[in-house]
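In this note's numbering, the protein residues as written are 1012 to 1183.
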Amino acid sequence: IAAGFAGVVSLGLLLLQPLLIGGFLPGLSPYRRRRVHLWVGSTLVVALIVHVAGLWVTSPPDVVDALLFRSPTLFSAWGVIAMWAVFATALLAALRRPLRIRPRLWRVGHVSLALVIVVGVVAHALLIEGTMEVVSKTALCILIVAATVKLLIDRLGRGNRMASRRAMPQSR
């Protein structure tokens, strides 16, 4: 039961991430949004560990099969891919400052992993018959995808506008 609810919590936390970074939640400064994004990401890692640990307690052979991509169920593979992407994102975030990762490289790595997480989690959630019922699970997955796509469109549009401004000659 705890493993199932940890999965539901993880799904809900995943929705918060693009909403925070995109500035879609009013009343938070950019600094505060980044700090909350960091805490939500950390909580997401903990919830994911509880999810997998709970599954391990109930059926270690199934977890081993999933981790080795031997499971006959497709949702297992998507879940494992998303799990490793979450761990890679957390590791990248933890090593960002010590390794002095350049902001552009950081952004490309973080966004790439975030996209793998969103695709993996949504596929995992939609394929599995578990704690959530179909309508609420589907609605939450649609919201996650919509928030992520909106954030990407906003960020790509802003990047293109900034690049075109740099390319334009300055009037004197």
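For every residue, glycine included, the Cβ atom is placed at its ideal position computed from N, Cα and C.
- Message: Comparing C-alpha positions only, which one of Pro-1109, Leu-1025, Thr-1069, Leu-1162 sits nearest to Ala-1096?
- Response: Leu-1025
- Is Ser-1070 helix, strand or coil by DSSP? coil
- In this structure, does DSSP put Ile-1060 in helix, strand or coil? helix
- Query: I think Ala-1101 touches Val-1056, with their Cβ atoms under 8 Å apart; what is that distance to the nearest whole Å?
  - Reply: 5 Å
- Nearest neighbour of Val-1063, chosen from Cys-1152, Gly-1052, Ile-1012 [CA to CA]: Ile-1012
- Message: Need the endpoints of the alpha helix (DSSP H) that Met-1094 sits in, please.
- Response: 1085–1106
- What separation, rounded to the nearest whole angstrom, lies between the Cα atoms of Val-1127 and Arg-1044? 22 Å
- Query: Beta carbon of Val-1156, beta carbon of Val-1122: below 8 Å?
  - Reply: no
- Where Val-1074 and Ala-1150 are concerned, what is the direct C-alpha to C-alpha distance, given to the nearest angstrom? 27 Å
- Any non-hydrogen atom of the ligand GDP closer than 7 Å to Phe-1080 Cβ: Of ligands this structure carries none, so the ligand GDP is not represented either.
- Message: Considering just the uninterrupted stretch of the alpha helix (DSSP H) at Ser-1040, what are its terminal residues?
- Response: Careful: Ser-1040 lies outside any alpha helix (DSSP H) and carries neither H nor E.
- DSSP state of Phe-1209, grouped into three classes? Given that the chain is displayed from residue 1012 to residue 1183, the structure contains no residue 1209 and the question cannot be resolved.
- Message: Please classify Pro-1037 as buried or exposed, where buried requires at least 16 neighbouring CB atoms within 10 angstroms.
- Response: exposed
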